[in-house]
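Protein chains in written order, with the numbering used here: chain S, 7 to 336; chain R, 29 to 1277.
All C-beta atoms in this analysis are idealised placements derived from N, C-alpha and C, irrespective of residue type, glycine included.
Since the model is a prediction, treat every value here as computed from it, not as a measurement.
One structure is given here, and the rest of the page talks about it.
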Amino acid sequence: MNTNLCFCYSDSKFTQQELPACKPILTPQWVISAFMLVSFVFIPIGVASLLASRDVVEIIYQYETECIPAPMRGDKLKFIQSTENKTCNRKLIVPKLMKQPIYVYYQLDNFFQNHRRYVKSRSDVQLQDPKNENDTSSCDPEDLSNGSPIVPCGLIAWSLFNDTYSFSRNNQNLTVNKRGISWKSDRDSKFGDNVFPKNFQNGTIKGGASLDTTIPLSEQEDLIVWMRTAALPTFRKLYGKIEVDLQANEVIDVTLQNNYNTYSFDGKKKLVLSTTSWLGGKNNFLGIAYLTVGGLCFFLAMAFAVIYLVKPRRLGDPSYLSWNKNPAGH
Amino acid sequence: MQFLSTIPPSGFSLRIVSAIPKMSGWDRVRSSRSRLGGLSRNSHASEPQPSSRTVRLGRVQPQAPGYRTIYCNDREANLPVRFKGNSIATTKYSIFTFLPKGLFEQFRRVANLYFLMISILSTTPISPVHPITNVAPLSLVLFVSLVKEAFEDWKRLQNDKAINSTLIGVLQDQKWEHIPWRKLQVGDIVRVKQDGFFPADLLFLASTNPDGICYIETANLDGETNLKIRKALERTWDFLTPDKASKFKGEMQCEQPNNSLYTFTGNLIVENQTLPLSPNQILLRGCSLRNTEYIVGAVIFTGHETKVMMNAMNVPSKRSTLERKLDKLILTLFGALFLMCLIGAVGSGVFISRKYYYLGLGESVENQFNPSNRFLVATLTMFTLITLYSTIIPISLYVSIETVKFIQSTQFINKDLHMYHIETNTLALARTSNLNEELGQVEYIFSDKTGTLTRNLMDFFKCSIGGEVYGTGNTETQKGAAQRNGIIVEEVWKSATAVHEKGFNFDDARLMRGAWRNERNPDTCKEFFRCLAICHTVLPEGDESPEKITYQAASPDEAALVTAAKNFGFLFYRRTPTMIKVRESHVEKMGKTQDVSYEILNVLEFNSTRKRQSVVCRYPDGRLVLYCKGADSVIYERLADGNNEIKKSTREHLEQFGSAGLRTLCLAYRDLSCNLYESWNEKFIQAKSSLRDREKKLDEVADLIENDLILIGSTAIEDKLQDGVPSCIETLARAGIKIWVLTGDKMETAINIAYACKLINNDMKQFIISSETEAIREVENQGGQVEIARFIKETVEQELKKCLKEAQRYLCAVSRPKLALIIDGKCLTYALEPSLRGNLLNLSLNCSSVVCCRVSPLQKAQVTSLVKKGAQKITLSIGDGANDVSMIQAAHVGIGISGLEGMQAVMASDFAIAQFRFLTDLLLVHGRWSYLRICKVVMYFFYKNLTFTLTQFWFTFQTGFSGQRFYDDWNQSLYNVIFTALPVIIVGLFDKDVSASLSKKYPELYKEGIRNSFFKWRVVGVWAFFSLYQSLVFYHFVTTSSSNGHNFSGKMFGLWDVSTMAFTCVVVTVNLRLLMACNSITRWHHISVAGSILAWFVFIFIYSGIMTPYDRQENVFFVIYVLMSTFYFYLTLLLVPIVALLGDFIYHGLQRWFFPYDYQIIQEIHRHDPDDNSREELLEIGNQLTPEEQRSYAISQLPRETSKHTGFAFDSPGYESFFASQQGVYAPQKPWDVARRASMRSQRTPKKI
């Protein structure tokens, strides 16, 4: 025989498929320990999150009906479209000590800021640079006013929220700080500091708030907040900050200007005062989810342990092989 | 100048061209051709003829249509016909056609076409996504595919270029000029040197060898490495030197280019003589010249018209069953897509309303949002959503699967040491990468016997001379039978005379060393030996001594017979074209040696219709003898009357040999008178020169002389099993694979082999349906064809019904014995008829092994398709010879044995392995792994795209069904091609449930593939369920928890913050989910999974960190930094993937514990085993040739009257091309001519010394 054989192959672990590998087997021990591990990690996180959430004091006041004078409540839409005085005074009682900063939010309901037609109805380049003010192609139908471009154009800006809130305590005004309510990246990069509103809300129908044409867009923080469109049809947006502590049981007088039309589509409006924790606002979801999953895993670990005790199977029991179960081998 | 005469039949074309003395022969030929141009209907019919040449000379001779005429050594004359050039192009594309053609090829795939349509749709305003979302993945997929195509084509181009520019010597101006191959033209005279390749199909004119012969190697054509002989016509021997060759002028008329490698008909008309041409004068492109200094030839066919190129046709590629099921899955996805879009569309129609004044739905609003026409809104939204949800169809799936399969076949299968055959230095070869996973689901194996199960190494083992049996050895079959009967077989002491060499394993002192002289009839012995030494087409090689001489033969049987003659003292040592020289010992008296020359007058060759071979030879003393060897059936019907004693005992012996698993041949001779021979020879020569039906006529003429034979005796040759066949078959049987043996052999041989291979054992109930029963025989002897057919059909029908009934009874029985069916070819012909097919299928599917014997290649294919189509099972055919080609092509998976018998089976196959036993590795290891891996890859693709798309779907409900996208365009487009692409390929390559050795140790694991356990709708359902679950978790957990401020600053997230969060969770989870699905995790898994997740983060860091002038809405600007500044991000990133994976984890935990798959149990049993990388075992050959007990049981089970079988199994595979026989051409290649001409070599050798 030819002894000088040509071994024309590469004798590697790759081609011979013998790369070192770990072969995890999901044995009951593993399953139970994994569950236990998850529960041990999750339960503390859940507790911490819940505690954080519990520390947050939140006052929610739904006003879209209450702020309409009782006789007008039959046709809310007519009221909101009228020129009547829409001021509405209400008192809120602070349930617990609220440390500053206290964030003021408005929350809208059934408002589809994420509708495709709405989301794309803006011109980012126009917002950044006055040179691009004619770039309004994506803004239809709020692109032009009498032939000249609207800045900021588009439906989003046009429908800017225009309810206003002012707060007083013991007839003493509580300043609402409206600076720093938007993300810095938005302010700095998306809205130019030399872009000023033009032709805004000039149309026959006003969608919402007007803008001060002397203030550059980068300082119009209400607009900036509004234009970071929300993901869901129910959303909160930051209105301002109250930078004093509010004591428990204090009465806060709120003066609302109920201007914004949510009545045509049955949207709710809420005023929210909230403190924050390290986790942010009051949100039990994460804490509950962590606790639930942690608890569930603990329960599952126990359940699996019991099941394994009740119905044990020896690891690698050949009698479980299909051909051993059915000797005919079909 | 008109010579009118009757027109001879075109088949017999001895063409007379009358001469005009003044004209040279060449001119005459040319002018007559130009006249013929108008008559013949071939390519040059419409060519304008120069008027100067339209001189009418000679007789008008119509040519059969489809003949081409070539003027040798006259380019000008050939010009009008415009033969194709000699350059070849095997490339699929050129620079200009590459893009259009390549893209067209790509868009023939439905998935690509779909994405093209989606891409076009996404450029319209209707689309919610930027076109990039769909264009990017599509372009990437197309790019990868096109690069692959271009690379392959580039390699072909380089190859073509190299070939086309090879230099060849062409006769120009009485000199050999070297020109590249591509410039060669039809009719050119070329010179090919030793070891050179023929540049085109050539007419062989002259050779430096005496006698005008040359040797060629045809390995490129048919893989046969033995040298073939070609002989030039004597008339042209002289045209060897440039000056002589330039005088050669001739006209050649030959067939049009065709793809039949072994046939050629044509005439050479040279100086008024018409010389018939045969394949013997044709040198085909692709062959190379050997042992000859140089040859001169004329070009006949060039370039793409050469026979080898005409043969290079694309075999339609097979698609795997799994891929076809995948199409159904894709269709289901389309269904799901449609449903989702429908729901969304209806929703949008209902939602849209002017009350949402902030959407600006004025009177002039575009159609899609026009509340006045809700139906239109819904319809357009449908399209919007189709583009949005297009990710549900995994576009990169096909590319990924192809990549995985390509690496699997080229790196794993082709390089596996387990399938390395050290003796032939052959590795396995995957010729297609389409069918890897099909190997994991094979349920039926159809195997050829000879060369596949057996070695095709023939040993002369026994013989019967003049009614006496010689040879004391016992076959393994007999040993087994004896042991079963309780007889202890004593190992017979080998006598001193015992010789065992290749082809000879015989021991009987009565015959060896001249001892035959003392036998009862030494004359018969002498005839026997002479017949062995003379009647064959073997070539001697090497030194002319008994020890050193070797024989080259087309079939190993022949070599064994000549070797036997040598050992009996009749050394065939030299062959000249007309002589056979035999060194005969002990003929005159003991110990005396003499050289005798026998003149070979005619050779009547073997073919499968004749089943015999004869030689007419003249003794030195003038005695004329015809020696004949062949199948007992044909020999017996040609025997002279009388001598009944010998006939009877020889027949008994034949039966004995046959049942012992030996291959038999009958030998006979006939003394011829001179007159008889002369008159016959005339007819023979006539037949030989006929152009049409030459082979058939030759057969008819041969029949005239092959009768009145006198029986000498018979030979018996042992056919050895391949290494490891029985244990391999046993393993495969345990794996739930049913093995059918389809063989041309006789029933007993087949049964014997089946026993030896452990296919059949005594515990099995055997059903035998044979045509060799007394009843059938009787009818055959009396009735006409119709009667016989009717009778056999009825019998077969009855048998089938009976067996079926019995089989059903057995299947209901408690013990349930395994069943085996043995059926022969003749019965099969009828059983395969549509009316009986159902019964046959029913019966055979209930049997665990089936043996079909005496079947033709066509029947092999029919049986294969019967099971493939009728039973919808996955079939595999394995064979080594040309006769297995049809079967190999018919089956789902065709496997060729890259062994000794030529390459045709390999050429037709999908995989080639060196040994049958490598099937274990190929199926149980590679096939099973590929199946598991591909299933996993497909399922994972399905899952990841469904999950991703469903999150979009849930979002649609909260956007007023407007079709707003959830994810950024680039995120969505890179999801498939970057963030989740690599790990799944790694799994497709490296996932291993159990190691290779365990796969073979527990072949039953393979059944999971046969049952298709991993690609069932149930499995799809489980994945789909978890997709649904996970997508709900992703969407709702992320959105619900995002509804508040998220750090001390109290600022709120926008849409793009939430979507980026969700996307991050999806990417992380989907990648981790893959790790959970892995059975083994290598470092590549870690690298790819971690790399993919990291790639996402790197991407989003860069992508969201920059502002571009390019028009993208600055949606995602800075989102990741905003997100990462909150605890929320980290808490969600921990929570969501774990919750999402929890479901799968519980499912797997429960499934593994209560309903474990087999492989999981095996994993557990061997969980403590170290990795078995026992390399030293690799090259060891397990020799499992232990004699299996009781395997001749089947023989005893045969109905006695049917046992008329005699083991005739002589076949000469090299002679016949399956293709040729399909075209009705018999024995196209001439082994005799090969042998005769090769004898020149042995003449030359002494001269040189």
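Taking Cβ positions only, does residue 383(R) come closer than 7 angstroms to chain S? yes
Rounded to whole angstroms, what's the CA-CA distance from residue 862(R) to residue 455(R)? Just pull it up for me. 42 angstroms
Just checking: is the beta-carbon of residue 222(S) within a distance shorter than 7 angstroms of some beta-carbon in chain R? no
Taking residue 691(R) as the reference, give the member of 773(R), 447(R) and 1028(R) with the closest Cα. 773(R)
Identify the continuous alpha helix (DSSP H) that holds residue 1130(R) and give its terminal residues. 1111 to 1133
Measure from the alpha carbon of residue 968(R) to the alpha carbon of each residue in 955(R), 1051(R) and 1031(R), then state which is nearest. 1051(R)
Best match in 434(R), 258(R), 132(R) and 622(R) for proximity to residue 1013(R) [C-alpha to C-alpha]: 434(R)
Distance between residue 212(R) and residue 83(R) (C-alpha atoms, nearest Å): Low confidence applies here, because residue 83(R) scores a pLDDT of 32, under 50, leaving its location unreliable and the question unanswered by this model.
If you run the structure through DSSP and keep just helix, strand and coil, what is residue 329(S)? helix
7 angstroms Cβ cutoff met for residue 165(R) and residue 1005(R): yes
Quick one: is residue 106(S) buried, meaning 16 or more other Cβ sit within 10 Å of its Cβ, or exposed? exposed
Below 8 angstroms on the Cβ atoms is my contact criterion, and I expect residue 187(S) with residue 238(S) to pass it. Report the Cβ-Cβ distance as a whole number of Å. Going by Cβ atoms, the distance from residue 187(S) to residue 238(S) rounds to 20 angstroms, so no, they are not a contact pair.
Contact set for residue 99(R): own chain, Cβ-Cβ below 7 angstroms, skip 5 residues either direction: 58, 105, 106, 215 and 279
Would residue 322(S) pass as an interface residue toward chain R - the criterion being a Cβ-Cβ separation below 7 angstroms? yes
Run through chain R and tell me which residues come within less than 7 angstroms of residue 163(S), C-beta to C-beta. The contacting residues do not exist; residue 163(S) stays about 11 angstroms from chain R at best.
Is the Cβ-Cβ distance between residue 784(R) and residue 760(R) less than 7 angstroms? no
Can you find the residues in the same chain that come closer than 7 angstroms, C-beta to C-beta, to residue 1150(R), ignoring five residues on each side of it along the sequence? 1085
Would residue 1029(R) pass as a contact of residue 764(R) if the rule is Cβ separation under 7 angstroms? no
Work out the CA separation of residue 291(R) and residue 1255(R) for me, nearest whole Å. Residue confidence for residue 1255(R) is low, a pLDDT of 32 falling below 50, so the modelled location carries little weight and cannot support an answer.
Quick one: using the 10 Å Cβ neighbour count with 16 as the cut-off for buried, is residue 594(R) buried or exposed? buried
Applying the 10 Å Cβ sphere with the 16-neighbour rule, what's the burial state of residue 551(R)? exposed
For residue 304(S) and residue 55(S), believed in contact at Cβ under 8 angstroms, the rounded distance: That pair is no contact at about 17 angstroms.
Is the beta carbon of residue 83(S) less than 7 angstroms from the beta carbon of residue 253(S)? no
Excluding the 5 residues flanking residue 202(R) on each side, which residues of the same chain have their C-beta closer than 6 angstroms to its C-beta? 270, 271 and 274
Counting only Cβ-Cβ distances shorter than 9 angstroms, please list the residues of the region 442 to 454 of chain R near chain S, keeping chain order. 442, 443, 444, 445, 446, 448, 450, 451 and 453
Alpha carbons only, please: which of 966(R), 684(R) and 178(R) is nearest the one belonging to residue 496(R)? 684(R)
Whose C-alpha, out of 191(R), 331(R), 740(R) and 984(R), is nearest the C-alpha of residue 555(R)? 740(R)
Taking 7 angstroms as the cut-off, decide whether the C-beta atoms of residue 874(R) and residue 835(R) are in contact. yes
Taking its Cβ as the centre, do 16 or more other Cβ atoms sit within 10 Å of residue 1246(R), making it buried, or is it exposed? Confidence at residue 1246(R) is low in this model, with a pLDDT of 30, below 50, so the placement of that residue is unreliable and no value is reported for it.
Pairwise C-alpha distance: residue 977(R) and residue 424(R): 15 angstroms
Any contact between the region 231 to 249 of chain R and the region 314 to 327 of chain R? By contact I mean 3 or more CB pairs, one from each, below 8 angstroms. yes
Let me know the secondary structure DSSP gives residue 221(S) once reduced to three states. coil
Rounded C-alpha distance that separates residue 285(S) from residue 57(S): 10 angstroms
Within 7 angstroms (strictly less), CB to CB, does residue 314(R) reach chain S? no
Should residue 19(S) go down as buried or exposed, given a rule of 16 or more other Cβ atoms within 10 Å for buried? exposed
Please decide whether residue 59(R) counts as near chain S, where near means a Cβ-Cβ distance under 7 angstroms. In this prediction, residue 59(R) scores a pLDDT of 37, lower than 50, which makes its location untrustworthy; no coordinate-derived value is stated.
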